[in-house]
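Enquirer: My questions will all concern the structure given below.
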Amino acid sequence: ILESLRVNIKIFGCGGGGSNTINRLVEGGISGADLFALNTDAAHLLNVHAPHKILIGRRCTRGLGAGAEPHIGEEAAKEAEDELRKHISGADIVFVTCGLGGGTGTGAAPFVAKLARDAGALVLAVVTMPFSVEGRNRTDNAEWGLNLLTKFADTVLLVPNDKLLEIAPKLPLDKAFKVADEVLMRSIKGITEIITKPGLVNLDFNDLKTIMGSGGLAMVGIGVSDDPEDKAKTAVEAALNSPLLDVDTAGATGALISVVGGSDMSVSDAEKVVQITSEHINPGARIIWGASVDPTLERELRVMLVITGVKSRLLEEHLEHSTPAGGAVVPRYKQVQRRADSGYGSSDNDIGLDFIR
Numbered sequence: 012i013l014e015s016l017r018v019n020i021k022i023f024g025c026g027g028g029g030s031n032t033i034n035r036l037v038e039g040g041i042s043g044a045d046l047f048a049l050n051t052d053a054a055h056l057l058n059v060h061a062p063h064k065i066l067i068g069r070r071c072t073r074g075l076g077a078g079a080e081p082h083i084g085e086e087a088a089k090e091a092e093d094e095l096r097k098h099i100s101g102a103d104i105v106f107v108t109c110g111l112g113g114g115t116g117t118g119a120a121p122f123v124a125k126l127a128r129d130a131g132a133l134v135l136a137v138v139t140m141p142f143s144v145e146g147r148n149r150t151d152n153a154e155w156g157l158n159l160l161t162k163f164a165d166t167v168l169l170v171p172n173d174k175l176l177e178i179a180p181k182l183p184l185d186k187a188f189k190v191a192d193e194v195l196m197r198s199i200k201g202i203t204e205i206i207t208k209p210g211l212v213n214l215d216f217n218d219l220k221t222i223m224g225s226g227g228l229a230m231v232g233i234g235v236s237d238d239p240e241d242k243a244k245t246a247v248e249a250a251l252n253s254p255l256l257d258v259d260t261a262g263a264t265g266a267l268i269s270v271v272g273g274s275d276m277s278v279s280d281a282e283k284v285v286q287i288t289s290e291h292i293n294p295g296a297r298i299i300w301g302a303s304v305d306p307t308l309e310r311e312l313r314v315m316l317v318i319t320g321v322k323s324r325l326l327e328e329h330l331e332h333s334t335p336a337g338g339a340v341v342p343r344y345k346q347v348q349r350r351a352d353s354g355y356g357s358s359d360n361d362i363g364l365d366f367i368r
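Each residue of the sequence shown is one higher than the one before, counting from 12 in the numbering used here.
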């Protein structure tokens with residue numbers, strides 16, 4: 012009976028970036044979730060260590076990738092619709108993760124989110140926006156994908172990759188991509204295990220649904236401290252001041268707080284994190300929090316803040332660019348003919364940074 016009442020959580024990594032996040036979740040271990048990697052690139056999929064792998068677009072890409080064209084990624088996902096519906100079936104929570112800007116992730120992730128929404132799941136998208144140096148075309152693609160995700164996911168947690176460079180401006184680009192993967196992994200793992208893993212303070216599915224059920228756009232802040240004087244205060248201030256949390260927290264509608272500490276952490280430490288956070292956000296915002304012990308941390312405290320219903324100049328710019336005059340979502344590859352029947356869119360490892368130790 013207890014097993015039948017367990018919250019059914021499924022995580023779908025779409026495209027190369029999403030599959031890399033699934034790899035990190037496998038390597039880091041995650042409690043209480045089923046992991047799926049889907050891609051149009053068969054060679055990349057072979058190197059992913061996911062329990063479930065789905066090659067999409069067998070006909071339209073022949074396993075050779077989407078060529079950075081989101082409409083091909085979307086078409087590939089539609090081709091695999093029956094298989095995707097089968098895997099989504101029965102899920103209470105579906106995470107959809109990808110690096111926006113490419114072909115498969117950008118095109119497939121919104122379609123997977125739509126299928127999950129149609130199946131009645133709580134849909135949480137956790138995605139990155141591309142680095143500016145990747146070029147305007149990838150940014151255009153990403154803005155298009157972000158616009159669709161906001162229509163189909165209950166909450167879209169967005170990580171702007173450029174903000175990672177503010178944390179470590181001299182980081183080589185290849186390592187910066189790994190940091191982005193790590194942030195996605197820690198965000199998904201933190202949200203999942205706050206309800207699946209026994210801890211000092213646990214949340215349930217309905218708690219999560221209260222905050223994320225209509226969270227809109229969200230951003231994450233991560234803080235770590237081993238300050239012997241006041242690690243709770245230091246960690247939560249680091250999270251609130253994180254460049255990743257590029258939002259006006261005073262206008263937030265909700266906050267999810269995850270506190271993880273060593274065996275010396277007390278409930279009062281976690282309560283202090285919640286108290287300080289509540290002083291910095293909208294007094295009317297709903298706050299839920301959980302706390303757990305990780306004996307490997309040894310006097311270290313980690314805080315993850317997911318702030319929902321946020322307003323951000325950066326996010327508003329991205330969504331504004333994705334919707335030109337007339338309201339139609341038309342990215343740079345607008346020459347692609349839309350299918351009349353689609354009704355959807357186009358025919359389409361710790362690496363040493365303190366803030367995510």
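Virtual Cβ for every residue (Gly too), placed ideally from N, Cα, C.
Quick caveat: nothing in here was measured; it's all calculated off a predicted structure.
On the CB-based measure, 16 or more other CB atoms within 10 Å of its CB, does Ala61 come out buried or exposed?
Expert: Result: buried.
Enquirer: Measure the CB-CB distance between Ala91 and Gly114 and report whether it falls below 8 Å.
Expert: No; because the gap between Cβ atoms is not below 8 Å, this pair is not in contact.
Enquirer: Go to Met196, then tell me how far its alpha helix (DSSP H) extends in each direction, as first and last residue.
Expert: Taken as a continuous stretch (DSSP letters only), the alpha helix (DSSP H) holding Met196 covers Leu184 to Thr207.
Enquirer: Sorted by chain position, which residues of the same chain lie with C-beta nearer than 7 Å to Ala124's C-beta, five sequence neighbours on each side aside?
Expert: Here the set comprises Val107, Val134, Ala136, Leu160, Phe163 and Ala164.
Enquirer: Sorted by chain position, which residues of the same chain lie with C-beta nearer than 7 Å to Arg35's C-beta, five sequence neighbours on each side aside?
Expert: The residues are Asp192, Glu193, Met196 and Asn360.
Enquirer: Whose CA, out of Met223, Leu157 and Ala266, lies closest to the CA of Gly118?
Expert: Measuring from the Cα of Gly118, the nearest candidate turns out to be Leu157.
Enquirer: Determine the contact status of Val304 and Ser269, defining contact as a CB-CB distance below 8 Å.
Expert: Cβ distance not < 8 Å, so Val304 and Ser269 don't count as in contact.
Enquirer: Applying the criterion that 16 or more other CB atoms from any shown protein chain within 10 Å of the CB defines a buried residue, is Glu86 buried or exposed?
Expert: Buried, by the Cβ-count rule.
Enquirer: Check whether the Cβ atoms of Ala127 and Ala102 lie closer than 8 Å to each other.
Expert: Yes, the pair counts as a contact, with Cβ atoms nearer than the cut-off.
Enquirer: In the DSSP output, which residue or residues are listed as bridge partners for Val22?
Expert: Sequence inspection shows Ile at residue 22; the Val mentioned does not correspond to that position. In DSSP, Ile22 forms a bridge with Leu46 and Phe106.
Enquirer: Hey, quick one: how far does the beta strand (DSSP E) through Ala243 stretch, first residue to last?
Expert: No beta strand (DSSP E) contains Ala243, which is instead part of the alpha helix (DSSP H) from Lys242 to Leu251.
Enquirer: Taking only runs that begin and end inside the region 262-319, name each unbroken beta strand (DSSP E) of 3 or more residues, in chain order.
Expert: Those beta strand (DSSP E) runs which fall completely within the region 262-319 and span 3+ residues are 265-272, 297-304 and 312-319.
Enquirer: Is it true that the region 245-259 meets the region 285-300, where meeting means three or more beta-carbon pairs spaced less than 8 Å apart?
Expert: Enough Cβ pairs lie closer than 8 Å, so yes.
Enquirer: In whole angstroms, give me the CA-to-CA distance for Ile178 and Val231.
Expert: Looking at the two C-alpha atoms, the distance is approximately 14 Å.
Enquirer: Taking only three categories from DSSP, how would you classify Ser234?
Expert: It is worth fixing the name first, because residue 234 is Gly in this sequence and not Ser. In the structure shown, Gly234 sits in a strand (DSSP, three-state: E or B).
Enquirer: Specify the secondary structure class of Thr51 as computed by DSSP and reduced to three states.
Expert: Coil, per DSSP.
Enquirer: Can you list the alpha helix (DSSP H) stretches of 4 or more residues lying completely in the region 83-161, in chain order?
Expert: 92-99 and 115-129, all fully within the region 83-161.
Enquirer: Taking C-alpha atoms, which residue in Asp238, Val167, Asn213 and Asn19 lies nearest to Met223?
Expert: Nearest option by C-alpha distance: Val167.
Enquirer: Does DSSP classify Pro239 as helix, strand or coil?
Expert: Correct three-state label for Pro239: coil.
Enquirer: Out of Val258, Ser143 and Leu267, which has the shortest C-alpha to C-alpha gap to Ile202?
Expert: Cα-wise, what sits closest to Ile202 is Leu267.
Enquirer: Please report how far the alpha carbon of Pro141 lies from the alpha carbon of Thr32, in whole angstroms.
Expert: Those two C-alpha atoms are separated by around 15 Å.
Enquirer: Can you find the residues in the same chain that come closer than 6 Å, C-beta to C-beta, to Gly227, ignoring five residues on each side of it along the sequence?
Expert: Once the five neighbours on either side are set aside, the close Cβ partners of Gly227 are Gly320.
Enquirer: Would Ile22 and Ala54 qualify as a contact pair, given that the criterion is a beta-carbon distance under 8 Å?
Expert: Not a contact, by the Cβ cut-off of 8 Å.
Enquirer: Under 8 Å, do Asp52 and Gly27 count as touching if we go by C-beta distance?
Expert: A contact, by the Cβ cut-off of 8 Å.
Enquirer: Pick helix, strand or coil for Pro81, following the three-state DSSP scheme.
Expert: If DSSP states are grouped into helix, strand and coil, Pro81 belongs with the helices.
Enquirer: Rounded to whole angstroms, what is the Cα-Cα separation between Lys189 and Ser225?
Expert: Straight-line Cα distance between these residues: approximately 30 Å.
Enquirer: Please confirm whether Lys369 and Leu56 have their CB atoms less than 8 Å apart.
Expert: A query on residue 369 cannot be resolved here, the shown segment of the chain reaching from 12 to 368 and no further.
Enquirer: Report yes if the C-beta distance between Ile318 and Leu256 is below 8 Å; otherwise report no.
Expert: A contact, by the Cβ cut-off of 8 Å.
Enquirer: Taking the beta carbon of Pro81 as the centre, do at least 16 other beta carbons fall within 10 Å, making it buried, or is it exposed?
Expert: By the neighbour-count rule (16 or more Cβ atoms within 10 Å), Pro81 is buried.
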